[in-house]
Amino acid sequence: MIRLFALALPLPSAVTVPPPPIVIAPSPAPAVASLLSWTPGDVNCGGKAASVVRIERPWLQRVYPNSAKYAPVSLAFDIDASGRPLAISKGNAATPFGVADDLGPALAVTRFRPGQAKTGCTIVYSPELTAIDDAPLSALMAYSANQLSGPLPPEAWKRIFATGTCKGDAAAGLRNRAFPNFRAIPAEPGVRDWSMVGYDVGQDGASINIETLASSGNAALDEASQAATAETRYWSGAFRGCRFSYWRSAGTLPAPPAPEEDAFRPAGATCPERRDWATPPVLRFPEPYRRRAIEGWAVVTYDVAPWGEINNIQVKASQPSEDFGTQAVAVLRSARVEAGPGAVGCVERVRFVMEPDSAETAP
92 MIRLFALALP LPSAVTVPPP PIVIAPSPAP AVASLLSWTP GDVNCGGKAA SVVRIERPWL
152 QRVYPNSAKY APVSLAFDID ASGRPLAISK GNAATPFGVA DDLGPALAVT RFRPGQAKTG
212 CTIVYSPELT AIDDAPLSAL MAYSANQLSG PLPPEAWKRI FATGTCKGDA AAGLRNRAFP
272 NFRAIPAEPG VRDWSMVGYD VGQDGASINI ETLASSGNAA LDEASQAATA ETRYWSGAFR
332 GCRFSYWRSA GTLPAPPAPE EDAFRPAGAT CPERRDWATP PVLRFPEPYR RRAIEGWAVV
392 TYDVAPWGEI NNIQVKASQP SEDFGTQAVA VLRSARVEAG PGAVGCVERV RFVMEPDSAE
452 TAP
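Residue numbering for the sequence shown follows our numbering, beginning at 92 and increasing consecutively.
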């Protein structure tokens, strides 16, 4: 009734309202691939500079930065008497998901001058974006050997092969690709070495004019990569400017010594020494550290509900980075204890250990 009455009322005036204009928004510019690099700054420990013996740079990443924001990232850490960074933790800088994942692992591999242990150290990593068309060839080659965030776009490969007539193994008619004995090449802990070889192909299909175009600096890998290229053959020849990248997986960087669980057992704990798992914990290595073969550990405490749910998980210690503590929490959340009376003050030491060296290989 109310609605019908309202429609029956005369309008105070008649006003013709024109329809809104049709606005056609311009199409957004296509995303342009760039390489993202992180430049480490000076290290400050309680107001004093720390002497770096070897700095490990974070790996390059391929990004499409149309609307993403990249801000400097600060890491806090300690340095033990051997010069190894420990207790690495990240600040709260807002960065797109995944782009700063290698900062902590790279710092864990960095080494400082041995001596007195230091606490309260900080380092700032500053981001730099370089369009693929403007990136140095050495940077494109470095990324091609370690394509962390997706393959290089075609325009990058065109630049890498621009000076020759060889456009890759498939186009050149590869007969057999030889590889070094990677296990005979020393592996640097936490460092994935690579070597980009340039060469031509003779009329008989043999590789000639072999040279190292760019590499991570592992002389043994450079030499072995050239030797393997010399044994590589094609069905036919007369190609110039061929390229191929070999890489050697990182050597394992062992975790620092882990404390005993009893040191973290809370007062009044009722948790038994042995727990029967209804759903055992699933150990998943933190991926950024697995890529560099960096081992770690975490000590966590938790309570168990009578129905087996794990709750009140707290990280009491983790090394060499807080990321191992975060991962340990995820590991325990995936588990469930057999139903029982419940318990408080359980302690678990979670170790993240690499499998034996697989010595991998090449793209």
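Built from N, CA and C at the ideal position, the CB exists for glycine as well. Computed from a predicted structure; not experimentally measured.
N- and C-terminal bounds of the alpha helix (DSSP H) containing Q238: No alpha helix (DSSP H) contains Q238, which DSSP labels as neither H nor E.
Q410 and A178 closer than 8 Å at C-beta: yes
Buried versus exposed, by CB contacts within 10 Å (16 or more), N309: buried
Complete runs of the beta strand (DSSP E) confined to the stretch 290-356 [at least 3 residues]: Runs found: 298-306 and 330-339.
Meets three-Cβ-pair contact criterion under 8 Å: the stretch 368-380 and the stretch 307-325: no
With 16 other Cβ atoms within 10 Å as the buried cut-off, status of W286: With the sequence shown as reference, residue 286 is identified as Ser, and Trp is not the correct amino acid for it. Flag for S286 reads buried.
Local Cβ density within 10 Å of W129, reported as buried at 16 or more and exposed below that: buried
Given 8 Å, three or more beta-carbon pairs between the stretch 357-366 and the stretch 298-313: no
Beta-carbon gap between F443 and E378 smaller than 8 Å: Going by C-beta atoms, F443 is not nearer than 8 Å to E378.
Beta-carbon proximity check, R331 vs F252, cutoff 8 Å: no
The stretch 190-203 / the stretch 221-231 touching (three or more Cβ pairs under 8 Å): Taking 8 Å as the limit for Cβ pairs, the verdict is that the stretch 221-231 does not touch the stretch 190-203.
Separation of S316 from A278, as counted between CA atoms: 15 Å
Sheet register partners of I179 (DSSP bridge): Under DSSP, I179 takes part in a beta bridge, and its partners are S412.
Environment of T392 [buried if 16+ CB atoms lie within 10 Å]: With at least 16 other beta carbons inside 10 angstroms of its own, T392 counts as buried.
A419, DSSP secondary structure in three states: helix
DSSP three-state assignment for A191, whether helix, strand or coil: coil
Within the stretch 195-238, ranges of the beta strand (DSSP E) (whole runs, at least 3 residues): Complete beta strand (DSSP E) runs here, min 3: 209-222.
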